[in-house]
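Following the working numbering, the numbering of the sequence shown begins with 7 at its first residue and continues without gaps. We put the CB at the ideal spot given by N, CA and C, even for glycine.
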Amino acid sequence: MDFTESTETTESTRYGGSHALATEAVHAGREDLAAMGLHAVPLDLSTTYPSYDSRQEAARIDDFATTGARPDGPPVYARLDNPTVGRFETALARLEGTESAVAFASGMAALSACLLVRVSQGLRHVVAVRPLYGCSDHLLDAGLLGTEVTWVDPAGVADAIRPDTGLVVVESPANPTLRELDLRAIAHSCGTVPLLADNTFATPVLQRPAEQGANVVLHSATKYLGGHGDVLGGVVACDESFARSLRQVRFATGGVLHPLAGYLLLRGLSTLPVRMRAASATAAELVRRLEADPRVARVHYPRLGGAMVAFETHGDPHAVIAGVRLITPAVSLGSVDTLIQHPASISHRIVAEGDRHSHGISDRLLRMSVGLEDVEDLWGDLDRALSARAAGPVTEAVPQQRRAPVPG
């Protein structure tokens, strides 16, 4: 696997000649439907597939075990391949500008597979930059998959790399502080070690890490790619060599994406550019108002834009969570409705308190995923919730002890 080859190509190459991103989002993975006499994408729910030539099936399975390439011809078994999921993978790779993509049951299953690929090659050391999504942080910090992590600032990546370093892991914009990293500079610091960039917050609408030197692009597809809060999934966009290894891990561990989830994710991609741009415009206006609000101590918003906003209150953030009525107080993000949560209590509860604080995740920080509602309605709800906040010191509702991982 050669991670040193440049990933940069032209926009026209990435998007099929003259096709723009919005066009690719609608048509990628669907090009053959008209010739099949279909308009909607077919949903294949089969768990197994008939074949009367067992010798040929044996040869195809042996080939997959050796190469990890998607089998030619009809599918063999759902844990190995599924046509509907394959369409989603094709479309996502096109949008991210990579050769391939491999889908998984969740974003954490996708990250786990990336780590297992490198561990299986004797490369168990990971260099990572905080903050990351809380469960990603926990997976690395606890060494649950046999990895060892070195946490560094971006400037320390090169010095932290060892002969057994398998991946450099970053997230930009980061969850939940929205910190942005110079991916191109970090990729240069990685040398021949592959850079894995979590692109969940930005999506390919706002940023394509492969253009900046990232070799592996990770998504919690549960979020913006699905876009409606009704599907769980993860996906890795990468070159075909790494994809083959990922498919073998997926087959062995069983972290497959259900076909219905693949169908919903492909459908979600078709409206991704429209959703992201509309939600981003609303988010930018809310940021403007929050920055001018004396009840808000600090606002975090990435330069590239987007629909994610984080802000710190002067008073108790738990009162804001309790005070919203239109906005949904819930974990996760990327849905058509606006969600708000308190990272120190939920998404990053699993991260040690000292590590949270040292990387900007204060106890007064709130993370908001802006949806598609009218901006005046959203601001009215936020305004009332901020006015209802309790003054004084922030207190933890539950003492921080040994914790189980929590969701998005």
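*M314 CB to nearest chain E CB: under 8 Å?*
No chain E appears in the structure shown, which is made up of a single protein chain.
_Quick test of the definition: if touching needs 3 or more C-beta pairs under 8 Å, does the region 180-187 touch the region 355-371?_
yes
*Are the beta-carbon atoms belonging to D204 and Y139 less than 8 Å from one another?*
yes
*CB Y55 to CB P81, shorter than 8 Å?*
yes
_Just verifying my parser: in three-state terms, what is the DSSP assignment at Q254?_
helix
_T29 in three-state terms, based on DSSP_ = helix
_For I192 and V176, which I take to be in contact (beta-carbon distance under 8 Å), what is that distance rounded to the nearest angstrom?_
6 Å
*Mind checking who H225 pairs with in its DSSP beta bridge?*
V241
*Residues in its own chain within less than 6 Å of V113 by CB, not counting five upstream and five downstream?*
According to the sequence as given, residue 113 is Gly; it is not Val. Cβ within range, chain order: S226 and G240.
*Using 8 Å as the Cβ pair cut-off and three pairs as the minimum, do the region 270-284 and the region 297-307 touch?*
no
*Apart from the five residues just before and just after A249, which ones in its own chain have a Cβ nearer than 6 Å to its Cβ?*
Result list for A249: S106 and V108, in chain order.
*Straight-line gap, A166 to H194 (C-alpha atoms, nearest Å)*: 14 Å
*asked:* If contact is defined by three or more beta carbon pairs under 8 Å, each pair taking one atom from either stretch, is the region 117-130 in contact with the region 263-272?
replied: no
*The beta strand (DSSP E) with L345 in it runs from where to where?*
L345 to Q347
*Selected residue, minimal CA-CA separation from G340, among H324, D322, L378 and S351*: L378
*Can you give, in chain order, each stretch of the beta strand (DSSP E) that sits fully within the region 89-174 and has at least 3 residues?*
106-110, 131-134 and 154-157
*Report the option in G321, G233 and A216 whose CA atom is closest to the CA atom of R100.*
Per the Cα distances, A216.
_Short of 6 Å in beta carbon distance, which residues of its chain neighbour A84, apart from the five on each side in sequence? Order them along the chain._
T53
*Does DSSP classify V305 as helix, strand or coil?*
strand
*State the start and end residues of the unbroken beta strand (DSSP E) segment that holds F317.*
Run containing F317: M314 to T319, per the beta strand (DSSP E) assignment.
*Count the other CB atoms, across all protein chains shown, that sit within 10 Å of the CB of D188; report buried if there are 16 or more and exposed otherwise.*
exposed
*Given R331, which residues of its chain have a CB within under 7 Å of its CB, disregarding the five upstream and five downstream residues?*
D387
*Burial state of S393 (16 or more Cβ within 10 Å)*: exposed
*Within 8 Å, strictly: CB atoms of V337 and M374*: no
*asked:* With a threshold of 8 Å, are at least 3 pairs of Cβ atoms found where one atom belongs to the region 286-294 and the other to the region 70-77?
replied: Too few Cβ pairs lie closer than 8 Å, so no.
*Give a yes or no on whether the C-beta atoms belonging to R390 and G321 are separated by under 8 Å.*
no
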